[in-house]
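Enquirer: Quick note, the sequences are listed as chains A and B, same order. Taken in order, the first sequence gives residues 39 to 364; the numbers are from my numbering. Taken in order, the second sequence gives residues 638 to 967; the numbers are from my numbering. Quick one: the structure is below, questions incoming.
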Amino acid sequence: MTVSSEVLVKVEDLKMYFPIYSGIFQRKVGDVKAVDGVSLDIYEGETLGLVGESGCGKTTTGRTIIQLYKPTAGHVWFQGKDLATLKSEEMRQVRRNVQMIFQDPYASLNPRMTLREIIGEPILAFGAATGREIDDRVADLLKLVKLSPDFVGRYPHEFSGGQRQRIGIARSLAMNPQFIVCDEPISALDVSIQAQVINLFEDLQQQLGLTYLFVAHDLSMVRHISNRVAVMYLGIIAELADRDEIYGNPLHPYTKALLSSIPIPDPIYYETRKRIVLEGDVPSPANPPSGCRFRTRCPIGDAHCAEERPEMREVTAGHFVACFKA
Amino acid sequence: MANELLNVQDLETVFNTPDGVIHAVNGVDFYLKEGETLGVVGESGCGKSVTMLSCLRLVAMPPGKIINGIANFKGKDMLSMSEEDIRHVRGGQIAMIFQDPMTSLNPVMTIGRQMEEPLLLHMGMNKEQARKRSIELLEQVGIPRAGDRLKDYPHQYSGGMRQRVMIAMALSCNPQILIADEPTTALDVTIQAQIVELVIKLREQLGMAIIWITHDLGVIASIAQRVMVMYGGFVIEEAPIKKLYSDPTHPYTVGLLGSLPSTQKGARHRLYSIEGMPPVLYQRPQSCPFAPRCRWVQPICREQLPLLENVDTKHTVRCWVDIKTGKVRA
């Protein structure tokens, strides 16, 4: 796989707030700051892993990047186009190139549609083919994800979780996209099936030159599939670096704690382990701590961290961290 | 053996469903010694939870039915004892915690009332004693301001805290065995690490035996001393933890361990993947249930069911083939 130096997706200070309404008049009383100032570049042909705990905003970031939500603030450039300024027809054309694969392969496929209809729908919607051509394309796509083309007339319930995820992948590939947001695509699958799907993702990237934003909480799978990894905490990016750099030399105290809590499938490792166990839970994104978001759980935070928000800075080439102490 | 707490033999459980009879557990044998932690590993539908639920007669009957086997707890068969006796075992001597702490707690009762209930019922305490003991237990599992938090309802607790409450409740009657059924699966890694550390600490303090059911080979490596791997309603391999990870002998175990991504630096290798998918057991398997997915498969695998046999002291495996030579074992 070759990663080019071309930026395919550029995200700048992206914010996505969801309003909270309360009282009998349903007045707005605050915001859930799900994404609160995320900037990153995604290079053509790479896999950028986006990890963090539930509620940290990683899924919202993925969805906001491809404009499934209208961002509260910030910009997303795709191939040099600022998506926020596009008219709806222009945006529709961009969507050919930008696709999403969802976490739950049971909920993301319409149970009343056959595979022909599910996978053919994007082709039909863009008027890219008609009649027999659609059938041929659907058959090709099924082969691409290693399912039998004979399945075209079947319904989703006839398939297992892993097969359904393949169907979702085939649908996302229907319009030859360049960029795919994979939102926890393997976390609903059994262990032995996860490896099958991960291998498929890698094969497809190789064959079709795809760029992935791979959102997941399984840190060891992210390490396996990603070129670079971004760690999110409570709406912000805490650290971003090359895969081996971030796993081998984490700088942010949150990254350190997160990585040390990965369960390692090696009993001997645990005889000499030194695990950093974080106290407490993630604070509410409706009322995040002042200054550094992580300071309430941070082992090395001090008064300064409560006053000022640490900006992302490049410590070594390509290694970004948002921490005063790192 | 003198210090054997639990001894299960030939356990078979089936479920009647509209589509036919599902053979979930097909003759499972295992034992548990005092103070040890046994890991039970397998994918969804392999029978790991049903095995433990069957032992405690917690399988809903119907549609479930335990058609064979014995489950001796300290020499008494739990499958044939009276309803009164099994309730006594479940309440006090063997406790169980589940994957989803939200559905295991009653949302309209305060944590305090739920904590006190078993103490009043099983331990014969009065209200004041039960309250005191509840606070003690919550502190033991690391809930801050335990006295105040007794008045809270489950939704006011986070996921990790709820699982701590479940553990506190399970410990309230000083069980000898704690069965933990995927207790950290619904939790984030940092919270998972907290819970695992907590259970290890409690195990040292209280000396109870633990059965930890999971699909996560990483978690089990950190907590278990012995592991049994299940597939298709059978135990297919069982060994001390280090032996299992360093010398996996069943093709399925080899596949599971191989399908995990490397934790080492450097170029990525392709993940080993087990093709196909786990079986749905409408019939009791007459041959090896893993044969359709196995890359070492031999003709005999499709004809006869292998037995669980020793390959080493304390290391048993249910497979016809010696994967080191690729030939059928002599």
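Glycine included, C-beta positions come from ideal geometry on N, C-alpha and C.
1) What residue range does the beta strand (DSSP E) around residue 194 of chain A cover?
2) Report the option in A:358, A:86, A:313 whose CA atom is closest to the CA atom of residue 217 of chain A.
3) At what residue ranges does the segment 877-930 of chain B contain a whole run of the alpha helix (DSSP H), taking only runs of 4 or more?
4) Between the segment 236-248 of chain A and chain B, which residues of the former have a C-beta closer than 7 Å to a C-beta of the latter?
5) Closer than 7 Å by C-beta to residue 639 of chain B: which residues in its own chain qualify, once you throw out the five before and the five after it? Chain order, please.
6) Starting from residue 653 of chain B, trace the alpha helix (DSSP H) in both directions and tell me its first and last residue.
7) For the beta strand (DSSP E) containing residue 428 of chain A, list its first residue and its last residue.
8) Could you say which of A:84, A:75, A:77 lies nearest to residue 44 of chain A if we only look at CA atoms?
9) Could you name the residues of the segment 852-879 of chain B whose beta carbon sits closer than 7 Å to any beta carbon of chain A, in the order they occur along the chain?
10) Could you tell me which of A:151, A:318, A:74 sits nearest to residue 826 of chain B, measuring between CA atoms?
11) Which residue marks the beginning of the beta strand (DSSP E) containing residue 252 of chain A, and which one marks its end?
12) Between which two residues does the beta strand (DSSP E) holding residue 702 of chain B run?
13) Distance cutoff 9 Å, beta carbons only. Does residue 61 of chain A sit that close to anything in chain B?
14) Would you report the Cα separation of residue 359 of chain A and residue 758 of chain B, rounded to the nearest angstrom?
15) Roughly how far, in whole angstroms, is the beta-carbon of residue 676 of chain B from the beta-carbon of residue 933 of chain B, given that I think they are within contact range, below 8 Å?
16) For residue 745 of chain B, does the count of other Cβ atoms within 10 angstroms reach 16, so buried, or fall short, so exposed?
17) Give me, in chain order, the residues of the same chain whose beta-carbon lies closer than 6 Å to that of residue 943 of chain B; leave out the 5 immediate sequence neighbours on both sides.
18) Given this structure, state the Cα-to-Cα distance separating residue 578 of chain B from residue 658 of chain B, to the nearest angstrom.
19) Kindly provide the ranges of any beta strand (DSSP E) runs that are 3 or more residues long and lie completely inside the segment 789-853 of chain B, ordered along the chain.
20) Comparing C-alpha positions only, which one of B:764, B:762, B:805 sits nearest to residue 783 of chain B?
21) Taking residue 632 of chain B as the reference, give the member of B:687, B:846, B:655 with the closest Cα.
22) Looking at the unbroken alpha helix (DSSP H) that takes in residue 293 of chain A, where does it start and where does it end?
23) Three-state secondary structure (DSSP) at residue 228 of chain A?
24) If you reduce the DSSP assignment to three classes, tell me which class residue 140 of chain A lands in.
25) Have a look at the DSSP bridge pairing and note the partners of residue 115 of chain A.
26) According to DSSP, simplified to helix, strand and coil, what is residue 638 of chain B?
27) Looking at C-alpha atoms only, which residue of B:731, B:694, B:735 is the closest neighbour of residue 717 of chain B?
28) Examine chain A for any beta-carbon lying closer than 9 Å to the beta-carbon of residue 943 of chain B, and answer yes or no.
29) Identify whether residue 260 of chain A lies in helix, strand or coil by the three-state DSSP scheme.
30) Could you please give the first and the last residue of the uninterrupted alpha helix (DSSP H) stretch that includes residue 100 of chain A?
31) With contact counted as at least three CB pairs below 8 Å, one residue from each stretch, are the segment 68-81 of chain A and the segment 44-53 of chain A in contact?
32) Taking the alpha helix (DSSP H) that residue 316 of chain A belongs to, which residues open and close that run?
33) When you compare the CB of residue 300 of chain A with every CB in chain B, is at least one pair closer than 9 Å?
34) Would you tell me roughly how many angstroms separate the C-alpha atoms of residue 664 of chain B and residue 705 of chain B, rounded to the nearest one?
35) Is residue 638 of chain B close to chain A, meaning its C-beta is less than 9 Å from at least one C-beta of that chain?
Expert: According to the structure data:
1) Bounds of any beta strand (DSSP E) do not take in residue 194 of chain A, whose DSSP letter is neither H nor E.
2) Checked all of A:358, A:86, A:313; the closest Cα to residue 217 of chain A is A:86.
3) Restricting attention to alpha helix (DSSP H) runs no shorter than 4 residues, the segment 877-930 of chain B encloses them at 878-883, 888-895, ordered along the chain.
4) Answer in chain order: 236, 237.
5) Residue placement at residue 639 of chain B is poorly supported in this model, since its pLDDT is 47, which falls under 50; the coordinates still yield a value, given next. Taken in chain order, the list of residues that qualify is empty.
6) Looking at the DSSP string, residue 653 of chain B is not in any alpha helix (DSSP H); the run it does join, the beta strand (DSSP E), is 641-654.
7) No answer is possible for residue 428 of chain A: it lies beyond the span of chain A, which begins at 39 and ends at 364.
8) Checking every option, the nearest Cα to that of residue 44 of chain A belongs to A:84.
9) Within the segment 852-879 of chain B, the residues whose Cβ lies closer than 7 Å to some Cβ of chain A are 852, 853, 854, 855, 856, 858, 859, 878, 879, listed in chain order.
10) Distances from the CA of residue 826 of chain B to each of A:151, A:318, A:74 were compared; the closest alpha carbon is that of A:318.
11) Residues 249-254.
12) Element bounds for residue 702 of chain B: 701-710.
13) Judged by the 9 Å Cβ criterion, residue 61 of chain A is not in contact with chain B.
14) Roughly 54 Å between the two C-alpha positions.
15) Not a contact, Cβ separation roughly 24 Å.
16) Answer is exposed; the Cβ neighbour count stays below 16.
17) Closer than 6 Å at Cβ, skipping near neighbours: 925, 955, 956, 957.
18) Residue numbering for chain B in the displayed model covers 638 to 967; residue 578 of chain B lies beyond these limits and cannot be assessed.
19) Entirely contained in the segment 789-853 of chain B, the beta strand (DSSP E) runs reaching 3 residues are, in chain order, 814-818, 846-851.
20) Comparing alpha-carbon positions, the option among B:764, B:762, B:805 lying closest to residue 783 of chain B turns out to be B:805.
21) The displayed coordinates of chain B run from 638 to 967. Any statement about residue 632 of chain B would go beyond what the structure contains.
22) Counting along the chain, the alpha helix (DSSP H) containing residue 293 of chain A begins and ends at 291-298.
23) Looking at residue 228 of chain A - three-state DSSP - the assignment turns out to be coil, as it is neither helix nor strand.
24) Here residue 140 of chain A sits in coil by DSSP.
25) Paired residue(s): A:48, A:120.
26) Its pLDDT being 45, under 50, residue 638 of chain B is placed unreliably by the model, and the measurement read from it follows with that caveat. The DSSP-derived three-state label of residue 638 of chain B is coil.
27) Residue B:694 holds the alpha-carbon nearest to the alpha-carbon of residue 717 of chain B among B:731, B:694, B:735.
28) No, residue 943 of chain B does not count as interfacial toward chain A.
29) Of the three classes helix, strand and coil, the one that applies to residue 260 of chain A here is helix, per DSSP.
30) 96-103 is the span of the alpha helix (DSSP H), which, as asked, contains residue 100 of chain A.
31) Two segments are said to touch when three or more pairs of C-beta atoms, one from each, lie closer than 8 Å; by this definition the segment 68-81 of chain A touches the segment 44-53 of chain A.
32) Note, residue 316 of chain A: premise wrong, no alpha helix (DSSP H); not H, not E.
33) Chain B has a Cβ within less than 9 Å of the Cβ of residue 300 of chain A.
34) When the Cα atoms are used, residue 664 of chain B and residue 705 of chain B turn out to be separated by approximately 8 Å.
35) The predicted model places residue 638 of chain B with a pLDDT of 45, which falls under 50 and marks its position as unreliable; any figure quoted below should be read in that light. Any Cβ of chain A closer than 9 Å to the Cβ of residue 638 of chain B would place that residue at the interface, and such an atom is absent.
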